[in-house]
Each structure stands twice: as C-alpha cells, then as structure tokens.
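Taking the working numbering, the leading residue of the sequence shown gets 7, the next gets one more, and so forth.
Step one of this worksheet: look at the structure below.
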Amino acid sequence: MRRFYFVFLPAFLFVLWLVLNQSLSAGQIALGIALALWFTWAASRLRPLHARPRRLWKAVPLFLHVTADIIRSNIAVGKLILNPRPNDFSPGFIMIPLTMRDPHGLAMLACIVTYTPGTVWVDLTDDHHLKLHVLDLQHEGHWVKLVQERYERPLMEIFE
C-alpha cells in the first residue's frame, strides 16, 4: 500500500499540474515532476502515525448508518429552517464521555459528527469528553447513546 501511495500520488499530482496549467511545455513538465515529488515527500513527513484498521467489514454498516442519519438530519434541519416557530427547537451543548483513544478513530468520529447537519464537534477535553453542539437538543440521553453506540463502538472495532 505504501508503494502504491508513492507511485499514485506523484503521478496524480503531476497530471493535475499539467491539466491546471494547460501546457505540455518542457518547463511545465519539469516543474510538475519536481513539485509532485516534493509534495509527496512532504506529505509523508506530515503523517507520523499510520492507521492500522482491522475488521473493515464493520465499516459497511457504519457507512449505512451514517448515510441514513445524514439524510434524516438534513430533513429535520430543513424543516426547522423552512418552517421556524418560536420555541420549536432548543440548541445546546452536550458533553459525551468517550472511551476511544485511537487518533484515527477520533478523527473519523469528528468527521461523522460534523458531516451530520445540526451537529458540530466543538472540543475533546483532556479527560476524553466530547463537547458537541446540537441544533435541537431535546433528549440529551438520545445523543449520548447515538454517539457512543452507533458511531464510537464500530469505530473502536475498526481502529482499536
């Protein structure tokens, strides 16, 4: 996989450089090769930890759950925005305790939570509590259960 990374990324960057510059001159080709190789080397130095995902079949149901939640959340947020009524929703912050420690799993959890409309990952405290902002915070226990059981547990099975 690492060899694939060091072959595919420079080739992709080189082709992208030529397409964006719309030129096949010798100078653009030389500059494109040099930049593609340098960016590949620089990108490899920025990522000291390598992910070691296991049980990748667990990602399929997680992906389906996240997709369904994003669709449901889009509909709910759309209804709140298009048909606003006073006191119809109550935004707020919630603290959710997390047991996951893997940085790649936490990054995936941050993406999942932030991709879902109406929720934003605000902070991860030193004692591993996720501070989450929710557009419509009516049932705090529902959000804790959702994040811990529906997202965190499968991510832990994949990354830890």
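The beta carbon of each residue, even a glycine, is placed where N, CA and C say it ideally should be.
query: Looking at the unbroken alpha helix (DSSP H) that takes in F69, where does it start and where does it end?
result: Boundaries of the alpha helix (DSSP H) around F69: 65-88.
- request: Report, in whole angstroms, the separation of the C-beta atoms of V128 and F95, which I expect to be a contact under 8 Å.
  value: In fact, because the Cβ distance is near 18 Å, the residues do not count as touching under 8 Å.
query: Got a sec, what are the start and stop residues for the alpha helix (DSSP H) H148 sits in?
result: That run of the alpha helix (DSSP H) goes 146-151.
- request: Examine the Cβ distances between the stretch 112-122 and the stretch 145-160 and report whether three or more of them are shorter than 8 Å.
  value: Yes, the stretch 112-122 touches the stretch 145-160.
Cβ distance (whole Å) where G6 is taken to contact W23 below 8 Å: Look at the range of the chain in this structure, 7 to 166, and you will see that residue 6 is not part of it.
- request: Output the distance between the C-alpha atoms of I76 and P97, rounded to the nearest integer angstrom.
  value: Across the structure, I76 and P97 are spaced so that their CA atoms are roughly 18 Å apart.
- prompt: For F95, which of helix, strand or coil comes out of DSSP?
  reply: Coil.
- request: Kindly give me the distance between the Cβ atoms of A82 and G124, rounded to whole angstroms, as I take these residues to be in contact under 8 Å.
  value: Contact between A82 and G124 holds, since their C-beta atoms are separated by about 7 Å, short of 8 Å.
message: What does the Cβ neighbour count give for F69, buried or exposed, with the cut at 16 atoms within 10 Å?
response: Exposed: under 16 other Cβ atoms inside 10 Å.
message: L136 and L130 - do their beta-carbons sit closer together than 7 Å?
response: Judged by beta-carbon spacing, L136 lies within the 7 Å limit of L130, meaning their Cβ atoms are closer than that value.
message: Just to confirm before moving on: does the CB-CB distance between L138 and I102 stay below 7 Å?
response: The answer is yes: Cβ separation under 7 Å.
- prompt: On the premise that A42 lies in contact with L169, defined as a C-beta separation below 8 Å, what is that separation, rounded to the nearest angstrom?
  reply: Summary: the structure shown does not reach residue 169, with the chain confined to residues 7 through 166, and so no result is reported for it.
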